[in-house]
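Residue numbers (UniProt numbering): 1 to 100. Yeah, the Cβ is synthetic: ideal placement off N, Cα and C, and Gly gets one too. Step one of this worksheet: look at the structure below.
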């Protein structure tokens with residue numbers, strides 16, 4: 001990122017996994033960072049207003065999931081995820097919080 005900044009980049013797109021460090025760097029340089037589904041970074045607080053995520057965080061999506069489960073009367077479900085369990089764990093924690 002430093003090399004790209006030094007070359008005159010005016011914005012960063014990605015990464016799509018975890019990006020807390022990248023978001024902090026972009027905020028320190030006052031450059032926008034736009035990510036599709038980055039976990040581990042927030043759009044407020046220490047990261048300032050330079051970070052944007054195009055998908056909502058897990059705790060926002062969980063309300064929709066819980067509403068769907070209630071609408072169909074489903075009380076059991078499974079989350080299928082890849083090797084990276086960060087997003088799946090965040091979603092599961094948010095659903096547990098929403099239903100308790």
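Delimiting residues of the beta strand (DSSP E) encompassing residue 102: Since the first residue shown for the chain is 1 and the last is 100, residue 102 is missing from the structure and cannot be characterised.
Looking at the strands, I want to know which residues DSSP matches up with residue 13. 34
Skipping 5 residues on each side, what residues in its chain have a beta carbon closer than 8 Å to that of residue 31? 5, 9, 10, 11, 12, 50
Contact the segment 23 to 38 vs the segment 60 to 69: 3+ CB pairs below 8 Å: no
If the criterion is Cβ atoms closer than 8 Å, does the pair residue 36 and residue 18 meet it? no
What is the rounded straight-line gap between the Cα of residue 100 and the Cα of residue 20? 29 Å
Tell me where the alpha helix (DSSP H) around residue 74 begins and ends. Segment: none, residue 74 is in no alpha helix (DSSP H) and carries neither H nor E.
Are the CB atoms of residue 59 and residue 94 nearer to each other than 8 Å? yes
How would you write the range of the alpha helix (DSSP H) that residue 2 sits in, first residue to last? 2 to 6
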